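With positions in the sequence shown counted from 1, the corresponding number in the numbering used here is that position plus 160.
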Amino acid sequence: MRDVRDRPIGVFDSGLGGLTVVRELARALPHESILYLGDTARCPYGPRDQAEVRRFVLQIGTWLSVRDIKLMVIACNTATASGLALAQRTFDVPVIGVVEPGARAAVQATRNRRVGVIGTVGTVRSGAYSSAVRALDAGVTVFSAPAPKFVDIVEAGLRMDDGAIESLMSQASDVFVRPSFYELARDYLDPLKRAGIDTLVLGCTHFPLLSAAIQQVVGPGVRLISSAEETAREVRETLEVRGHAAGSGSVPSHTFVTTGDPDEFERLGSRILGWPTGPVETVSVDELESLMTPEMEAAAAEPREPSCG
Ligand code: DGL
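What follows is the structure, given as structure tokens:
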């Protein structure tokens, strides 16, 4: 039986975007191994209804659980918003989502207690960020706006260039993004600016890759929050408190798995991470679907219980 400290952290997302979280995890926890599943074949999750996303959370959570992980990270805002509470009830390892860490960082950052949130339609409709912020500080007002086309812009921008990527705006894809982006960004963000926010949560895995451009639109007075760093901090604390952190002599080994095209995942994923993924493995959607039991179907179909995400 493998020592718990040597087991990997399981991470999943609807596709590539969750690698922005892996990037922070690898920075904060350089000795931990990561097993990442990107459900690229079924991406995007954002427009899907909550019950469908909960099915995916249960399937992928089950797939990761049998691979001996010590902790699970739902590195997708939409999946966290729909399925975190269910995953926490279902799996016997700690499950950490990205909504509560982002909400906490926003509550700490705001001075005027007016916080904006942008995310997918699914995330905004769930109200998960508002609930999470309210649970931390009932005096903070949250203004949310869906920004679904930002996901498409990031996906298109990623396919346009080579090399490591911190922000799409520092790349040649700037040229591609610029004309349509600013018009769209103003449509999404102007109502939040008019509401007087001083803090904006980038409540979607893809949005940190547009942070430079979003900052230009909202102006220097608005602080941008990406939940990736906060999530990594929470993972580190959870492992340390439980005595499950990898030893300082451990050499990490990361494994990346996709339901989509492994070559494309390797090429684009390595750009987001800034280091090579190595050969990417695959799992089929059929295999994930085959993990569903009647109990899981019933649990996924239940209306979501109130949760802070
Ligand atoms: N990963 C998703 C999120 O953070 C964005 C992409 C999608 O819609 O699946 O909400």
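All C-beta atoms in this analysis are idealised placements derived from N, C-alpha and C, irrespective of residue type, glycine included.
Predicted model, so just to flag it, every value in this text is computed and none were measured.
Proximity test, residue i beta-carbon vs the ligand DGL heavy atom, cut-off 7 Å
i	result
tyrosine 289	no
glycine 429	no
tyrosine 205	yes
serine 371	no
asparagine 272	no
aspartate 173	yes
glycine 178	yes
glycine 243	no
valine 311	yes
histidine 366	yes
Euclidean distance between Cα positions of residue i and residue j
i	j	result
valine 377	threonine 222	41 Å
serine 340	aspartate 252	46 Å
arginine 319	alanine 392	27 Å
valine 302	alanine 292	10 Å
tyrosine 196	leucine 360	28 Å
aspartate 166	glutamate 192	8 Å
leucine 362	arginine 285	15 Å
glutamine 248	valine 255	6 Å
glycine 198	arginine 271	36 Å
threonine 398	glycine 317	35 Å
proline 168	threonine 238	23 Å
aspartate 446	isoleucine 313	29 Å
alanine 298	glutamate 260	14 Å
valine 335	alanine 373	Low confidence applies here, because valine 335 scores a pLDDT of 49, under 50, leaving its location unreliable; read the following figure in that light. Taking the straight line joining both Cα atoms gives about 12 Å.
threonine 442	proline 422	7 Å
leucine 451	aspartate 209	20 Å
glutamate 400	valine 258	19 Å
CB of residue i within 8 Å of CB of residue j, strictly
i	j	result
threonine 437	serine 444	no
tyrosine 205	isoleucine 278	no
arginine 214	glycine 170	no
valine 365	glycine 178	In the sequence as displayed, the identity of residue 365 is threonine instead of valine. Closer than 8 Å, so yes.
alanine 461	alanine 211	yes
alanine 241	phenylalanine 172	no
isoleucine 194	alanine 186	yes
isoleucine 357	arginine 264	no
isoleucine 432	leucine 176	yes
alanine 307	arginine 383	no
When the options are compared against residue i, the one with the closest alpha-carbon
i	options	result
glycine 287	Ala305, Gly299, Arg273 and Arg274	Ala305
leucine 470	Phe310, Val275, Ile313 and Val267	The shown model of the chain, from 161 to 469, leaves out residue 470, and the question about it has no answer.
threonine 448	Ile385, Leu224 and Arg208	It is worth fixing the name first, because residue 448 is leucine in this sequence and not threonine. For leucine 448, the nearest C-alpha among the options comes from Leu224.
phenylalanine 367	Arg396, Ala345, Pro380 and Asp350	Ala345
aspartate 163	Gly434, Ala406, Ser450 and Glu424	Ala406
serine 410	Glu184, Pro190, Gly175 and Ser371	Pro190
glutamate 390	Arg273, Val182, Leu370 and Lys309	Val182
glutamine 375	Pro463, Gly175, Glu184 and Gly276	Gly276
arginine 396	Leu231, Gly262, Val300 and Lys309	Leu231
threonine 200	Ile385, Ala245, Leu246 and Leu428	Leu428
threonine 280	Tyr289, Glu426 and Pro207	Pro207
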